[in-house]
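Each residue of the sequence shown is one higher than the last, beginning at 1 in UniProt numbering. Ideal Cβ placement from N, Cα and C applies to all residues, glycine included. Here the structure is laid out as structure tokens; the discussion comes afterwards.
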Amino acid sequence: MSSQPKTRVIAIANQKGGVGKTTTAINLAAALAEAGLKTLLIDIDPQGNASTGLGIEGSTRRHTTYDLIFGDVPAAEIMRQIGESPLWVVPATTDLSSADIELMSRARRTYLLQDALRQPAITSADFDYILIDCPPSLNLLTVNAMVAAHSVLVPLQAEFFALEGLSQLMLSIRELRETANANLRIEGILLTMYDRRNNLAQQVEADARDNLGDLVLQTMIPRNVRVSEAPSYAIPVLQYDPQSKGAVAYRELAVELMTKHGKRQQEGAAL
């Protein structure tokens with residue numbers, strides 16, 4: 001078995017919107033940090049919702065992912081620590097909306113984020129995890145994320161036609177393995193907004209496990225009003241309601257991934 005990298009880079013992606021992608025990015029990052037693992041969340045969605053959901057006000061985002069990708073500002077000046085926690089964020093703004101057009105003219109247009117992650121300020125920080133919250137499309141920003149990542153975590157809403165949207169994403173991952181990142185893997189399919197009382201949700205789960213096997217993670221994120229409410233307070237659900245079903249599920253997701261990667265909760269951490 002090959003050794004795991006010290007820093008695990010995971011792109012959180014699904015070209016379909018409304019599947020809980022940003023919610024997962026925020027709360028998985030918070031759960032990993034709660035376990036004492038040093039975590040960096042890079043927001044590459046021009047909407048910047050992951051940044052907002054972790055309390056970074058738009059007016060304070062002087063340096064952003066745009067600066068990181070295009071190399072105009074050192075990473076040390078862009079990363080923002082969340083309170084005293086071991087969680088850092090590279091925030092995004094609508095500046096990223098034009099990134100796809102600008103990337104088209106760059107010689108290494110699919111490798112710019114990978115190059116940025118090699119800056120000394122990031123490599124010397126010894127992050128346990130770097131999570132990348134992708135936009136809801138398979139554009140050049142998402143491709144940059146997948147080229148820079150070890151794996152892709154795919155949130156999948158437990159709803160009708162859920163599996164049909166996966167085919168294009170799986171094809172894109174396969175193509176990138178052949179052309180730009182031979183080591184890219186699927187971290188797992190994460191079922192989100194899952195309601196055990198709903199027969200359709202149970203059928204989607206059964207179909208996903210039948211078709212995708214072990215790629216489907218054991219942890220499922222339930223439909224939970226606390227998860228929906230937390231962003232309006234600009235905090236993760238783990239902080240908003242630590243005992244809610246949503247918070248418990250994201251902690252379980254963190255543990256599942258940590259176990260998979262051979263990482264342990266830090267002594268004295270709360271998870």
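- Contact between Arg226 and Asp241 holds: CB atoms are separated by about 4 angstroms, below the 8 angstroms threshold.
- With the rule of 3 Cβ pairs closer than 8 angstroms, the region 126–138 counts as touching the region 39–46.
- In the three-state DSSP reduction, Gln239 falls in the helix class (H, G or I).
- Inter-residue distance for Leu141 and Thr93 is about 14 angstroms (C-alpha atoms, whole angstroms).
- Close CB contacts of Trp88 within its chain, under the 6 angstroms cut and outside five residues either way in sequence, are with Leu40, Met79, Gln81 (chain order).
- Looking at Thr7, Gly55, Lys16, the one whose alpha-carbon comes closest to that of Asn27 is Gly55.
- Only residues of its own chain outside the window of five on either side were considered, and among them Pro136, Ser137, Leu138, Thr142, Gly165, Gln168, Leu169 have a CB closer than 8 angstroms to the CB of Gln15, listed in chain order.
- Here Ile173 carries a helix assignment [DSSP, helix/strand/coil].
- Within the same chain, and ignoring the five residues on either side of Asp95 in sequence, the residues whose Cβ sits closer than 8 angstroms to its Cβ are Pro46, Thr64, Tyr66.
- Look at Tyr111 here: in three-state DSSP terms it is coil, with no helix or strand label.
- DSSP places Glu34 in the uninterrupted alpha helix (DSSP H) bounded by 21–34.
- One thing to note: Gln239 has its Cβ no nearer than 9 angstroms to the Cβ of Ala35.
- In the DSSP assignment, Tyr66 falls within the unbroken alpha helix (DSSP H) covering 65–70.
- Below 8 angstroms, too few C-beta pairs join the region 222–236 and the region 254–261 to call them touching: fewer than three.
- Residue pairing from DSSP leaves Pro46 without any beta-bridge partner.
- Across the structure, Val248 and Thr22 are spaced so that their CA atoms are roughly 17 angstroms apart.
- Note on geometry: alpha-carbon atoms of Ala25 and His150 lie some 16 angstroms from one another.
- For Gln114, same chain residues with a beta-carbon under 7 angstroms away, outside a window of 5 residues either side, are Val147, Ala148 in chain order.
- A residue is called buried when at least 16 other Cβ atoms come within 10 angstroms of its Cβ; Lys6 does not meet this threshold and is exposed.
- DSSP, reduced to helix, strand and coil, places Ile122 within a helical segment of the structure shown.
- For Tyr194, the beta-bridge partners assigned by DSSP are Pro222.
- Non-local C-beta neighbours of Asp207 in its own chain, meaning closer than 8 angstroms and more than five positions away in sequence, comprise Leu163, ordered along the chain.
- For Gly165, the three-state secondary structure derived from DSSP is coil.
- Excluding its 5 nearest sequence neighbours in each direction, Pro86 has C-beta neighbours in its own chain below 6 angstroms: Ala33, Lys38, listed in chain order.
- Distance between Asn49 and Ala234, taken at the CA atoms: about 10 angstroms.
- Burial check for Glu178: the Cβ neighbour count within 10 Å stays below 16, so the residue is exposed.
- Under a 10 Å Cβ-count criterion, Ile122 is classified as buried, with 16 or more other Cβ atoms of the shown protein chains found around its own Cβ.
- Contact between Val152 and Ala31 is ruled out by a C-beta separation of about 19 angstroms, above the 8 angstroms threshold.
- Annotation for Gly53: Thr22, Thr23, Ile26, Ala230, Pro231, Ala234, Ile235, Pro236 place their beta carbon closer than 8 angstroms to its own, counting only its chain and skipping 5 residues before and after.
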